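Residue numbers (the working numbering), protein chains in the order written: chain A, 281 to 527; chain B, -9 to 330.
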């Protein structure tokens, strides 16, 4: 009884949220409704007994993908009026694509529910005595392992492609080389300055930064600093390739 | 007769409510005293006294703070999205409470002992980022927004390595059930064979709960208070409670995954006299102490260092250790048999 009530609650909220995704005026609200829709879909999975799929849907789509959506939508300066302007022009194309998708969906569901071959699969989706995490694991990693690996390879190629397309080395900006910073010693950066007696400084000697780097580095640095408008390096000891300060 | 009542639907609903209440009330008291413990420990680290005026040893301080928070005015900034602004703290607090449904404090003491408990916890903790993002966006304030963006990037980054750590633990267990994970540690706690993963996991939980040294989302020296600048009164209080409840949750998760849950150390006589839940709470308190100790010791990370640590150090390390774990289990034939 409770499962039936929960099913209708999840299903109704899912449909309303899905409708609100496309109809709400604010894109941030759209993404939030999308998240609500995912959430309810996970609830439906749970009722159907597919708890692994439900949790994976939450982790992957709600926890990662939708966060990035939200990120992008919040950061972009979207002009709502402009987005709505082409509504009538694109309506026929959109309606056609929607109709095709709908017909495909009907065909798939129809084939699943009335096809003679699918009848056996429909009644025993998971083997008995195995909960669905183990059943999925067997299917993916034992029966269809090569297909799974091929899919993984395609994703890897896509990932490397995305990195190659977006990675650019900026020569002008500074970055830390932590190895160099950690390997710095006192002897490399500080030197003892001999001070004559009575020269108003403690006669025990003082440490001061060694001036070894050539002048042009200094000039270059002040240039890049002016360009960047702020100090890119870190605090304190973060100056492995800063020119030592001249005092 | 009472058993018969609890078999019916209504009885089960009442029983579940009672169980939830029996878990949440001690949890909230623990949250209150965690704030007190934090102030006392930090004070000790900095050679101060800490709260000592309200009640004996300042023990009533958390309640004084709570009453102060309740009495204040809730300010909703103009230009903010009213509904989402109020939704965000409720979401943060609610998620921190909901996750406790699957935590087994003793064998069979979980409210819902579900098959995929660890995935449920992971899913709930990954939802926590929405409270922060929604708060930052709905406040209509640049500091809040910056804090929210920082937090989103940070939490998503550290979740990846946390996931790999969890997978390498699961390889040794052969089940996603939290009770099974604890029971698999009867011979040896996982913090010993998987020690590097234990450290990676603990540091990731620091980042995941936005605690120092990774508290950049609320870095007060740069962005005032981050995502909850605009919050006051109880809406602020809910964020605060949520953060501390999340700390306890993450400590509980660390305890279950690596410190053997409710199991007594070594399983020998003087230790086994003490009941399991006491051990569980002691281990959680140890983790919480380390949380506070770290806060008192380390300065805040810079943002690029934080990202570097997550993506360039923890991710390869946890991935490599996952492969090593799988290889070792395969090589020595230690692979657990999946419970049919």
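Using N, Cα and C, we set each Cβ at its ideal position, and we do this for glycine too. Note that the structure is predicted; figures quoted are calculated from it, not measured.
Simplified DSSP state of residue i, which is helix, strand or coil
| i | result |
| --- | --- |
| residue 146 (chain B) | helix |
| residue 43 (chain B) | coil |
| residue 470 (chain A) | strand |
| residue 390 (chain A) | helix |
| residue 151 (chain B) | helix |
| residue 199 (chain B) | coil |
| residue 70 (chain B) | coil |
| residue 130 (chain B) | coil |
| residue 38 (chain B) | coil |
| residue 103 (chain B) | coil |
| residue 448 (chain A) | coil |
| residue 335 (chain A) | helix |
| residue 82 (chain B) | helix |
| residue 497 (chain A) | Note that residue 497 (chain A) scores a pLDDT of 45, beneath 50, so its modelled location is shaky; the value from the coordinates is reported in the next line. Reduced to three states, the DSSP call for residue 497 (chain A) is helix. |
| residue 423 (chain A) | helix |
| residue 205 (chain B) | coil |
| residue 309 (chain A) | helix |
| residue 291 (chain B) | coil |
| residue 178 (chain B) | coil |
| residue 94 (chain B) | coil |
| residue 328 (chain B) | Only weak support exists for where residue 328 (chain B) lies, its pLDDT of 49 falling under 50; the coordinates are left without a value. |
| residue 141 (chain B) | helix |
| residue 23 (chain B) | helix |
Cα-Cα separation between residue i and residue j, rounded to whole angstroms
| i | j | result |
| --- | --- | --- |
| residue 322 (chain A) | residue 299 (chain A) | 17 Å |
| residue 135 (chain B) | residue 127 (chain B) | 5 Å |
| residue 152 (chain B) | residue 194 (chain B) | 6 Å |
| residue 256 (chain B) | residue 52 (chain B) | 36 Å |
| residue 301 (chain B) | residue 291 (chain B) | 15 Å |
| residue 449 (chain A) | residue 239 (chain B) | 41 Å |
| residue 502 (chain A) | residue 452 (chain A) | Its pLDDT being 45, under 50, residue 502 (chain A) is placed unreliably by the model, and the measurement read from it follows with that caveat. Approximately 12 Å between the Cα atoms of the pair. |
| residue 348 (chain A) | residue 316 (chain A) | 15 Å |
| residue 97 (chain B) | residue 386 (chain A) | 48 Å |
| residue 437 (chain A) | residue 460 (chain A) | 33 Å |
| residue 378 (chain A) | residue 278 (chain B) | 53 Å |
| residue 199 (chain B) | residue 235 (chain B) | 10 Å |
| residue 447 (chain A) | residue 352 (chain A) | 19 Å |
| residue 283 (chain B) | residue 35 (chain B) | 8 Å |
| residue 92 (chain B) | residue 10 (chain B) | 11 Å |
| residue 393 (chain A) | residue 295 (chain B) | 55 Å |
| residue 275 (chain B) | residue 241 (chain B) | 8 Å |
| residue 281 (chain B) | residue 33 (chain B) | 15 Å |
| residue 308 (chain B) | residue 314 (chain A) | 32 Å |
| residue 321 (chain B) | residue 315 (chain B) | 10 Å |
| residue 219 (chain B) | residue 440 (chain A) | 39 Å |
| residue 367 (chain A) | residue 374 (chain A) | 10 Å |
| residue 119 (chain B) | residue 138 (chain B) | 9 Å |
| residue 269 (chain B) | residue 317 (chain B) | 33 Å |
| residue 312 (chain B) | residue 117 (chain B) | 25 Å |
| residue 64 (chain B) | residue 326 (chain A) | 38 Å |
| residue 66 (chain B) | residue 225 (chain B) | 10 Å |
| residue 504 (chain A) | residue 454 (chain A) | For residue 504 (chain A), the predicted model reports a pLDDT of 44, less than 50, meaning its position is unreliable; a value from the coordinates is still stated below. So the alpha carbons of these two residues sit roughly 9 Å apart. |
| residue 465 (chain A) | residue 154 (chain B) | 37 Å |
| residue 197 (chain B) | residue 343 (chain A) | 16 Å |
| residue 306 (chain B) | residue 283 (chain A) | 43 Å |
| residue 432 (chain A) | residue 420 (chain A) | 12 Å |
| residue 329 (chain A) | residue 104 (chain B) | 12 Å |
Beta-carbon spacing of residue i, residue j below 8 Å
| i | j | result |
| --- | --- | --- |
| residue 48 (chain B) | residue 85 (chain B) | no |
| residue 41 (chain B) | residue 29 (chain B) | yes |
| residue 223 (chain B) | residue 80 (chain B) | no |
| residue 78 (chain B) | residue 124 (chain B) | yes |
| residue 203 (chain B) | residue 217 (chain B) | no |
| residue 214 (chain B) | residue 293 (chain B) | no |
| residue 243 (chain B) | residue 176 (chain B) | no |
| residue 339 (chain A) | residue 113 (chain B) | yes |
| residue 422 (chain A) | residue 332 (chain A) | no |
| residue 337 (chain A) | residue 318 (chain A) | yes |
| residue 346 (chain A) | residue 311 (chain A) | yes |
> Got a sec: which bits of the segment 89 to 117 of chain B sit with their beta carbon under 7 Å from any beta carbon on chain A, in order along the chain?
Replying inline: 104, 105, 106, 109, 110, 112, 113, 116 and 117
> Between the segment 158 to 171 of chain B and chain A, which residues of the former have CB atoms less than 7 Å from a CB of the latter, in chain order?
Replying inline: 166
>> Within 8 Å, do at least three Cβ pairs link the segment 180 to 191 of chain B to the segment 106 to 120 of chain B?
In response: no
> Within the chosen definition, does the segment 161 to 169 of chain B reach the segment 134 to 148 of chain B through at least 3 CB pairs nearer than 8 Å?
Replying inline: no
> Of all the residues that make up the segment 299 to 318 of chain A, which are near chain B by a beta-carbon distance shorter than 8 Å?
Replying inline: 308, 312 and 315
>> Check whether the segment 243 to 260 of chain B and the segment 168 to 182 of chain B touch, using three or more Cβ-Cβ pairs below 8 Å as the test.
In response: yes
> How do the segment 226 to 239 of chain B and the segment 18 to 33 of chain B stand: do at least 3 beta-carbon pairs fall below 8 Å, yes or no?
Replying inline: yes
> Would you call the segment 69 to 77 of chain B and the segment -5 to 5 of chain B touching, i.e. three or more CB-CB distances under 8 Å?
Replying inline: no
> In the segment 336 to 348 of chain A, which residues sit with their C-beta less than 8 Å from some C-beta in chain B, listed in chain order?
Replying inline: 336, 338, 339, 342, 343, 344, 347 and 348
> Taking any Cβ of chain B, which residues in the segment 406 to 432 of chain A have a Cβ under 7 Å from it, in chain order?
Replying inline: 409, 410, 411, 413 and 414
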